[in-house]
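FYI, in my numbering the residues of the sequence shown are 9 to 163. From the three backbone atoms N, C-alpha and C, an ideal C-beta is built for every residue, glycine too.
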Amino acid sequence: MLNDDKEWHLPSDFLLEAETLLAKSVECLNHLNLIKNDRDAIDCMLATLLKLAEKTDALALRCTAEFSRQVHALLDHSHSYPDMNEQILGTLGDCFTLMAWQLELVDPVTGQLNLDDNEQATLIESLAVQIDPLHAPLSCQQSSFNVFSIAKRNA
């Protein structure tokens, strides 16, 4: 997705702050791999995702802001947290990896992100089905997902 703003400038401290927020999310994810369904770790992840969405939205990085909000909304699902099984945790890891790539690939001069949003949409749909298969959109339920690990693809 492209940022349509003509005059755009990436603040020098933004990438460091965004990377710190993502690292905190990954730390929460690692904690959840050790202690399943820990509410403090989930709350920390939710707060971090919202903060990342706010920061990226302020810079008109709509793709990453929307992605963060969508992941947050799926996890926050009416304040009844999902069972954080291995499949959900793996998909969350892939979401955080894609967010990191999005931030890394933003053109610091134009604010453009020259990536399509297919992988993002696939991850969101997959996460929706994994979290709540009964309430996921019908298109998600009928699709056969081939979600792959970004880390494995880059290896």
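Query raised in the report: Around the C-beta of Glu25, are 16 or more other C-beta atoms found within 10 angstroms, so that it is buried, or is it exposed?
Result: exposed
Requested in this report: Determine the extent of the alpha helix (DSSP H) in which Thr118 is found, giving its start and end residues.
Outcome: Neither: Thr118 is in no alpha helix (DSSP H) and is coded neither H nor E.
Query raised in the report: Rounded to a whole number of angstroms, what is the C-alpha to C-alpha distance between Phe104 and Glu35?
Result: 11 Å
Query raised in the report: Three-state secondary structure (DSSP) at Leu48?
Result: Note that residue 48 is Asp in the sequence shown here, rather than Leu. It is helical.
Query raised in the report: Which class does Asn93 belong to by DSSP, given the choice of helix, strand or coil?
Result: coil
Query - Gly119 versus Arg77: straight-line alpha-carbon distance, rounded - result: 20 Å
Requested in this report: Specify whether the region 38–51 and the region 62–76 touch according to this definition: at least 3 beta carbon pairs, one from each stretch, less than 8 Å apart.
Outcome: no
Report task. Give a yes or no on whether the C-beta atoms belonging to His80 and Leu100 are separated by under 8 Å. Result -> no
Query raised in the report: Do you know how far the Cα of Leu121 is from the Cα of His39?
Result: 31 Å
Query - Ile43 classed as buried or exposed, judged by whether at least 16 other C-beta atoms fall within 10 angstroms - result: exposed
Query - Residues near Ser33 by beta carbon distance below 6 Å, same chain, minus five either side - result: Met53, Thr56, Phe104
Query raised in the report: Alpha carbon to alpha carbon, how far is Leu111 from Ala61?
Result: 12 Å
Query raised in the report: Quick one, are the C-beta atoms of Asn45 and Leu97 less than 8 Å apart?
Result: no
Query raised in the report: Over what stretch of residues does the alpha helix (DSSP H) that includes Ala73 continue unbroken?
Result: 70–84
Query raised in the report: Near Phe22, which residues of its chain fall below 8 Å by C-beta distance, leaving aside the five closest residues on each side in sequence?
Result: Lys63, Leu67
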